[in-house]
Structure formats: C-alpha cells, structure tokens
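Participant: In this note's numbering, the protein residues as written are 245 to 514. Just so it is clear, CB atoms sit at the ideal spot from N, CA and C, and this is done for glycine as well. There's a structure below that I have some questions on.
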C-alpha cells in the first residue's frame, strides 16, 4: 500500500494511531476494533482535512448509490479514531440467507452483528459536525467476518445496506489501484542531463588523467572549461582546453600526454 501511494499519498494521511488511542476507541465503542481495522489504524489514523485520497479513489462507485438518495454534493474521507469513537457501532441483523435489516423489531431470528465505521460520506454542508448525521453514509467493517458494508445512517431498516467487499483489504486495493493510475498518468520528469563540461571533468578525474588544485571542486573546474568546449571550429576548442589544463591554476597536475587528452576532450565538445 505504501509503495502504491508514494510520498504524496502517504503525506495526505495522519500518523499511525498509538496503542493508547486504539484502546481508548475500543473502550468508547465497548468492543475491540475488528482485527483488520486495528491493523489499518496502526498504519494511519485517518487522513488530513485537505486530503482527497479516499474521495478520489471511491467517488465513482459511491456516486451511483448516493445519487439514488440525494443530489447534494458530498465528500468522502478516511475517518480518524476520534471520529470512529463518536460515530459508534451500528448493529445490523443478518439472516441466514444474507438479508440485512437494522431494526431489532424486524430482526426475528437474525444474528446481531456490530459494524464499525472507518470511512464516512457526508454532505459537504455537514463536514465539521459530529459524524453520524442521519444523511451520512458509512463504510464499516462487520465483527462477524470482517466484510465491508456501505449504508445510510438514517435508514432505520437498512434495506439499502450493501456489502461492498468481502474484506477490508479488497476495498483498500481500490484505493491503491487509483493511486497507481494517478501516478502513471503524471508526466515523467525530464531526466537530468549534465553539461558536457561536467561530464568531461568527471571522466578526466575518474581516469586520474588530471588532479585538481586544493580547494577547487569538479563543478568549479567544469565551469571554467564550459566556454572553451563551445569554441569553433572543434580543433580550436580542443587546443583551448589543453592549454587550460596545462596553464590554469585550478589544475594541480596533468598525468596524460596531449594526444590522450585531445581524444578525450573531443568526445565532449558541445
């Protein structure tokens, strides 16, 4: 996941939750976090307010569901543990056939299963308020088998509860896949091309053909021969560089004869 997100994606997430924060959230929920959620929050404790990482990754699939209930603009965010604690656990009642209701009155023999939210979808006008407004939606992990559910908080019978993924890893892979697509679409940075004068001096020094005077850096030495390499015709440029190597105070010593130096310099003419 970290590799897929890259530095930019990771910087949009909050630091990892501490063991103390996780324990405090479990106490507030009156139940332990599902194991996969604990792992998630040990990785990062939600995303920063300015982040659009989860919104951008999940918007396409959320748009259809949200649009069936509301035309209001919305935002999607990976919740912090503080938000999880305030939102609390929602009880779903799951029948043997896989049907889901939320009302205990209608549950019958259905099994009560808690679901713990970790991503909210909210009207933009609700952002900043308490998580769990009636028109909020949650992605949440159930405590029975770790599946990920999407549901509207205010839908009391929860006919609209949707199983979005069999486990948390499958949903997070959608976030990672989106990050990879974004990274692949970005224009590649142009490779850094070093100037011929720099390459020439690197070669001369690597092959121990010359030695620089004390206090002179390769970059400084290269800067001095840059205009000489640009001289025309080429023979004039080679001659000018050879004279520089033998006479300039930036060069402590020359270990190669002029024929060798001439062949080397000619390879780096601009």
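1. Check each candidate in 457, 502, 491, 443 and name the one with the smallest Cα separation from residue 473.
2. Which ranges does the alpha helix (DSSP H) cover as unbroken runs of at least 4 residues, wholly within the region 417-445, from first to last along the chain?
3. Exposed or buried, which one is residue 247 when buried takes at least 16 other CB atoms within 10 Å?
4. Any idea which residues DSSP pairs residue 499 with across the strands?
5. Can you tell me which of the three DSSP states residue 334 falls into?
6. Exposed or buried, which one is residue 509 when buried takes at least 16 other CB atoms within 10 Å?
7. Does the pairing of the region 484-500 with the region 450-466 give three or more beta-carbon distances under 8 Å?
8. List the endpoints of the continuous alpha helix (DSSP H) containing residue 469.
9. So who's on the other strand from residue 257, going by DSSP bridges?
10. Could you check whether the Cβ of residue 289 sits closer than 7 Å to any Cβ belonging to chain B?
11. Using CA coordinates, which residue listed in 437, 461, 430 is at the minimum distance from residue 445?
12. Which residue comes first and which comes last in the beta strand (DSSP E) that contains residue 311?
13. State the CB to CB distance for the pair residue 435 and residue 514, rounded to an integer number of angstroms; the pair is presumed to be in contact (CB under 8 Å).
Facilitator: By the coordinates alone:
1. Position 229 of the chain shown, counted from the start, is the residue given in the question as residue 473. Nearest option by C-alpha distance: 443.
2. If we require 4 residues or more, the region 417-445 turns out to have no alpha helix (DSSP H) run fully inside it.
3. Working through the chain shown from its first residue, we reach residue 247 at position 3. Burial check for residue 247: the Cβ neighbour count within 10 Å stays below 16, so the residue is exposed.
4. On the chain shown, position 255 is the one that residue 499 refers to. Looking at the DSSP assignment, residue 499 forms no beta bridge with any residue, so it has no partner.
5. The residue given as residue 334 occupies position 90 in the chain shown. In this structure, residue 334 counts as strand in the three-state DSSP scheme.
6. Taking the chain shown and counting its residues from 1, one reaches residue 509 at position 265. A residue is called buried once 16 or more other Cβ atoms fall within 10 Å of its Cβ, and residue 509 is buried on that count.
7. They touch, by the three-pair rule.
8. Taking the chain shown and counting its residues from 1, the one referred to as residue 469 is at position 225. 462-473 is the span of the alpha helix (DSSP H), which, as asked, contains residue 469.
9. Against the chain shown, residue 257 aligns to sequence position 13. Residue pairing from DSSP places residue 257 in a beta bridge opposite 291.
10. Included in the structure is just one protein chain, with no chain B present.
11. As a position in the chain shown, residue 445 is number 201, starting the count at 1. Residue 445 has its Cα closest to that of 461, out of 437, 461, 430.
12. Here residue 311 refers to the residue found at position 67 of the chain shown. Annotation: residue 311 is outside any beta strand (DSSP E); the continuous alpha helix (DSSP H) that includes it extends over 297-311.
13. Stepping through the chain shown from its first residue, residue 435 is reached at position 191. Stepping through the chain shown from its first residue, residue 514 is reached at position 270. Not confirmed; about 18 Å, so no contact.
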